[in-house]
Amino acid sequence: MKASNALPLVYSCSGCSNVAQLANTVALRLDRAGLAEMSCIVGVGGHVAPLVDKARSGRRIIALDGCPLQCVQACLRQHDLVADVHVILNQLGLRKRFGVDCGEPEMELVFSRVVGLIDAG
């Protein structure tokens, strides 16, 4: 496992839709697997200095947005940051819905796709 400061940072949507929560679940799984360090996109968007400093540290950034609103990307742009890997879950064929969760097959699809993008970069 890499030292945590050598890992890419992963930021995820965590809104109330199924794809938002799936983005958050995938980010947590990347963090727990030692493939990325999850950080707080709300802190970046809220201009919380230590979290903005971490985002600006020069580490690779993985952004996981659930839908076309792309809130993660919008928070990064406030600080002139661009994700090295940006995945928008609904572009993977997932439909944004409320009141339901995505299942294990969807989680595996997104997780494997993101891991492949991390490995490729």
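In the working numbering, the protein residues as written are 789 to 909. Backbone N, C-alpha and C define an ideal beta-carbon position, used for all residues, glycine too. Since this is a predicted model, take the numbers as computed values, not measurements.
Taking 7 Å as the limit between beta carbons, can you name the residues of its chain near Gln866, skipping five residues before and five after?
Gly833
Just to confirm the assignment, what range does the alpha helix (DSSP H) spanning Ser900 have?
Glu892 to Ala908
Distance CB(Arg901)-CB(Val875) smaller than 9 Å
With respect to Val875, Arg901 sits close: the two C-beta atoms are nearer than 9 Å.
Boundaries of the beta strand (DSSP E) in which Val807 is found, first to last residue:
It is not in any beta strand (DSSP E) - Val807 instead sits in the alpha helix (DSSP H) that spans Asn806 to Arg820.
Nearest-angstrom Cα separation, counted from Ala851 out to Asp872
One C-alpha to the other measures close to 8 Å.
Straight-line Cα distance separating Asn806 from Cys863:
20 Å
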